[in-house]
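Residue numbers (our numbering): 129 to 590. Cβ coordinates follow ideal geometry from the N, Cα and C atoms, glycine included.
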């Protein structure tokens with residue numbers, strides 16, 4: 129059995145969140161694929177997770193929960209504004225998503241980003257055992273590997289970027305591009321969702337003189353840094369089991385009764401973000417009805433938009449724009465008992481989401497850019513029956529694996545409309561053939577395989 133500190137995960141947030149029930153405050157495990165994926169490894173190795181609690185102010189003392197050691201890092205209100213909302217989500221997020229919205233570059237945001245990354249590195253250096261393994265996650269903490277390397281050169285360090293890494297022409301905009309690359313190169317292994325992301329990293333490191341080398345091996349300060357792609361996945365068994373449960377069948381019958389037994393359901397489930405292409409999807413749906421390719425007697429759209437970063441102006445503007453578009457569609461086409469779009473602006477419980485996946489005939493996943501997009505894989509996992517059609521953006525990382533989806537350019541409203549029409553008119557035998565192949569692809573590579581492959585590669589690296 130490994131000692132505490134032999135394996136340390138470092139992420140912006142802890143795997144637990146503070147909840148209040150019946151006047152009492154306690155910790156509970158946060159939902160999410162990363163927490164699910166890493167929990168077995170942390171429990172087996174008696175590991176430690178370093179992260180922020182989600183609450184501004186002084187961090188509580190380290191504590192154990194569900195056999196995992198949690199080490200909180202403090203963030204002030206100002207640091208949340210500048211490091212998290214500012215640099216992470218108003219500079220890096222739009223830049224890394226192909227500048228769908230112009231990123232903003234503020235020096236005071238950068239200074240807080242450096243300071244917070246340094247704090248994470250120092251906390252991690254203080255809890256990691258000698259010769260231990262540390263796995264740092266995502267764009268919030270790109271400087272941590274390099275800072276940690278200086279503090280603890282004995283550690284084996286991995287870094288995984290969960291969002292896309294843009295090509296040179298876009299990344300070059302970042303005033304602190306070299307510092308970010310140097311930070312990432314502090315890791316022994318740098319992982320990406322797609323092969324394209326890994327290739328971009330190699331080109332950038334060589335272009336800006338941070339390292340040299342060919343292929344996936346870079347020489348940086350006398351060390352070999354390996355970079356590769358490790359496509360993340362889902363807890364396949366959990367989704368498949370839930371989709372086949374009697375409780376889900378009951379929910380499906382209730383949904384069909386409320387929506388209409390004879391109507392095919394088009395589904396979108398997204399975090400409310402301007403990168404997800406929700407507005408173009410809605411326009412395509414509107415044109416489908418306007419041009420007479422389908423009627424509300426035959427189809428209905430369900431759009432779930434999970435609240436996200438609503439304190440940022442652009443997210444509030446996106447929410448307003450989407451809700452205005454939905455209002456216009458419903459106002460123009462809905463009739464008594466026949467709503468064109470059912471809109472839910474909330475986080476759905478797991479069982480309700482699975483029921484929606486199962487009941488829906490067409491799943492629309494149309495981000496303008498996405499590192500992976502696990503919603504696409506979740507939908508496929510819930511369709512062991514072989515039915516259902518996935519309309520998938522070619523700019524989502526999942527498109528490389530889900531080759532039997534209907535791939536679309538999400539910037540092309542006409543093309544998205546035609547893809548929906550194709551999905552609705554596809555022969556049952558073709559639907560089943562495509563879905564079976566995608567189901568097999570998702571089944572053979574779970575989120576646990578992803579974590580195991582990354583850690584195995586890191587620990588084998590010399």
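Note on the stretch 527-585: whole beta strand (DSSP E) runs with a minimum of 3 residues are 534-536, in chain order. The residue among 211, 540, 164 with its C-alpha nearest the C-alpha of residue 361 is 164. Within its own chain, the residues whose Cβ lies closer than 7 Å to the Cβ of residue 545, once the five positions on either side in sequence are excluded, are 412, 415, 416, listed in chain order. With 16 or more other Cβ atoms from the protein chains shown falling within 10 Å of its own Cβ, residue 294 counts as buried. Taking a contact as a CB-CB distance under 8 Å, the pair residue 408 and residue 433 does not count as one, their CB atoms being some 14 Å apart. In this structure, the straight-line span from the alpha carbon of residue 552 to that of residue 490 is close to 7 Å. Here residue 404 has 398, 495 as same chain residues with Cβ atoms under 7 Å from its own Cβ, once five neighbours each way along the sequence are excluded.
For residue 200, no alpha helix (DSSP H) segment is defined; the enclosing uninterrupted segment is the beta strand (DSSP E) at 196-201.
The DSSP-derived three-state label of residue 467 is coil. Scanning its chain for C-beta atoms nearer than 7 Å, with the 5 sequence neighbours on each side dropped, one finds around residue 236 the residues 210, in chain order.
In this structure residue 520 is in contact with residue 504, their Cβ atoms being roughly 6 Å apart against a cut-off of 8 Å. Buried is the label assigned to residue 215, since at least 16 other Cβ atoms lie within 10 Å of its Cβ. Contact check for residue 524 against residue 493 passes: the beta carbons are separated by less than 8 Å.
Remark: C-beta atoms of residue 229 and residue 442 approach each other more closely than 8 Å.
In the structure shown, residue 369 falls within a helical segment according to DSSP collapsed to helix, strand and coil. Here the stretch 344-359 lies against the stretch 302-315, with 3 or more beta-carbon pairs under 8 Å apart. Every beta strand (DSSP E) stretch that sits fully inside the stretch 275-353 and reaches 3 residues is listed by chain position as 284-288, 317-320, 345-348.
Going by C-alpha positions, residue 531 is about 45 Å away from residue 204. Nearest to residue 193 by C-alpha distance, out of 497, 155, 289, 329, is 155. Between residue 379 and residue 480, the gap from beta carbon to beta carbon is short of 8 Å. For residue 459, the secondary structure class from DSSP, reduced to helix, strand or coil, is helix. With respect to the C-alpha of residue 199, the residue from 338, 239, 141, 152 having the closest C-alpha is 141.
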